[in-house]
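Numbering (full-length UniProt numbering), first residue to last: 1 to 239. This report refers to the structure that appears directly beneath it.
Structure, rendered in structure tokens:
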């Protein structure tokens with residue numbers, strides 16, 4: 001007996017369910033929203049594929065009550081610098097969305113930054129970021145100066161202790177390149193966790209580069225920090 005042919009009535013662009021109801025084909029509907037790797041620009045896919053949640057630091061010291069009890073001085077500095085927002089809106093971070101945003105960052109001339117993210121183009125400047133975060137729009141001079149000419153000895157003593165000999169020089173420039181996370185003292189480690197989990201989304205910290213050392217050093221010294229400027233500068237480093 002010949003097999004029964006498929007019922008193709010209903011015309012192109014439609015399908016028939018088992019109950020006989022006809023519904024429109026998905027091809028004629030609005031395209032579905034892309035997420036994860038599909039939402040990342042082509043030039044970013046290789047970097048995106050290498051990032052894993054396990055590389056990100058925990059945020060155990062972003063809890064305000066715990067920090068205030070165990071390290072009241074750090075809590076006081078955070079509040080004095082206008083960074084109290086780090087304690088607000090606690091919850092799980094959508095790391096997939098963060099990575100999409102991070103890797104789609106486009107560097108343009110001047111201070112206008114455009115980020116294509118999930119079919120939308122978002123414009124960012126350091127001022128816009130500070131307004132969004134509720135952080136002060138202070139001068140970025142100190143941050144830029146410390147990045148260009150960091151006081152290596154004082155930074156090492158502040159983050160690792162006065163008896164520390166932890167250092168790592170670049171073979172070509174003979175300049176200090178990184179600090180090893182395991183050499184940081186407890187206070188510096190907590191500041192780094194706050195920076196990496198809230199201020200600048202960071203990966204593993206086996207090596208703490210200059211871009212990470214400078215904000216931590218400034219926070220430990222109570223130097224006003226332009227958070228929006230740091231975010232823009234950090235993204236520019238990798239774009």
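Note that beta-carbon positions come from the ideal geometry of N, C-alpha and C, so glycine has one too. Quick caveat, the model's predicted, so the values are computed rather than measured.
Counting beta carbon pairs with one atom in the region 131-144 and one in the region 222-236, are three or more of them shorter than 8 angstroms?
The region 222-236 is in contact with the region 131-144.
Whose CA, out of 119, 120, 138, lies closest to the CA of residue 128?
Counted from its first residue, the chain shown places residue 128 at position 128. Minimum Cα distance to residue 128 is reached at 138.
Would DSSP call residue 215 helix, strand or coil?
The count along the chain shown starts at 1 and reaches residue 215 at position 215. Helix, per DSSP.
What are the boundary residues of the beta strand (DSSP E) that includes residue 208?
Here residue 208 corresponds to residue number 208 of the chain shown, with the count starting at 1. Run containing residue 208: 207-209, per the beta strand (DSSP E) assignment.
Confirm, please, whether the CB-CB distance from residue 194 to residue 74 is below 9 angstroms.
For the purposes of this step, residue 74 is taken as the residue at position 74 of the chain shown. For the purposes of this step, residue 194 is taken as the residue at position 194 of the chain shown. Yes, these two residues count as a Cβ contact at 9 angstroms.
Rounded distance between the beta-carbons of residue 185 and residue 159, thought under 8 angstroms:
On the chain shown, residue 159 is found 159 positions in, with the first residue counted as 1. On the chain shown, residue 185 is found 185 positions in, with the first residue counted as 1. About 7 angstroms separates the two Cβ atoms, so the contact holds.
On the DSSP bridge list, what partners appear for residue 115?
Locating residue 115 in the chain shown gives position 115, counting from the first residue. In DSSP, residue 115 forms a bridge with 122.
N- and C-terminal bounds of the alpha helix (DSSP H) containing residue 84:
Residue numbering aside, residue 84 sits at position 84 when the chain shown is read from its first letter. First-last for residue 84: undefined, no H or E at that position.
Check whether the Cβ atoms of residue 179 and residue 142 lie closer than 9 angstroms to each other.
What you label residue 179 is simply residue 179 of the chain shown in a count that begins at 1. What you label residue 142 is simply residue 142 of the chain shown in a count that begins at 1. No. Outside cutoff.
Indicate the three-state DSSP secondary structure (helix, strand or coil) for residue 179 in the structure shown.
Here residue 179 refers to the residue found at position 179 of the chain shown. In this structure, residue 179 counts as strand in the three-state DSSP scheme.
Can you give me the Cβ contacts of residue 35 inside the same chain, cut-off strictly under 6 angstroms, excluding the 5 residues immediately before and after it?
Along the chain shown, read from residue 1 onward, the residue named residue 35 stands at position 35. Annotation note: pLDDT 49 at residue 35 (below 50); position unreliable, coordinate value reported separately. Answer for residue 35: no residue qualifies.
For residue 70, which of 187, 220, 164 has the nearest alpha-carbon?
Residue 70 sits at position 70 when you count from the first residue of the chain shown. Ranked by Cα distance from residue 70, the options 187, 220, 164 are led by 187.
Within its chain, find whatever has a CB closer than 6 angstroms to the CB of residue 126; leave out the 5 residues flanking it on each side and keep chain order.
For the purposes of this step, residue 126 is taken as the residue at position 126 of the chain shown. These residues qualify, in order along the chain: 228, 229, 232.
Indicate whether residue 257 and residue 224 have their beta-carbon atoms separated by less than 9 angstroms.
Within the shown structure, residues of the chain are numbered from 1 to 239, placing residue 257 beyond reach of any answer.
Compare the C-alpha of residue 221 against each of 146, 85, 209 and name the closest.
Residue 221 sits at position 221 when you count from the first residue of the chain shown. Checked all of 146, 85, 209; the closest Cα to residue 221 is 146.
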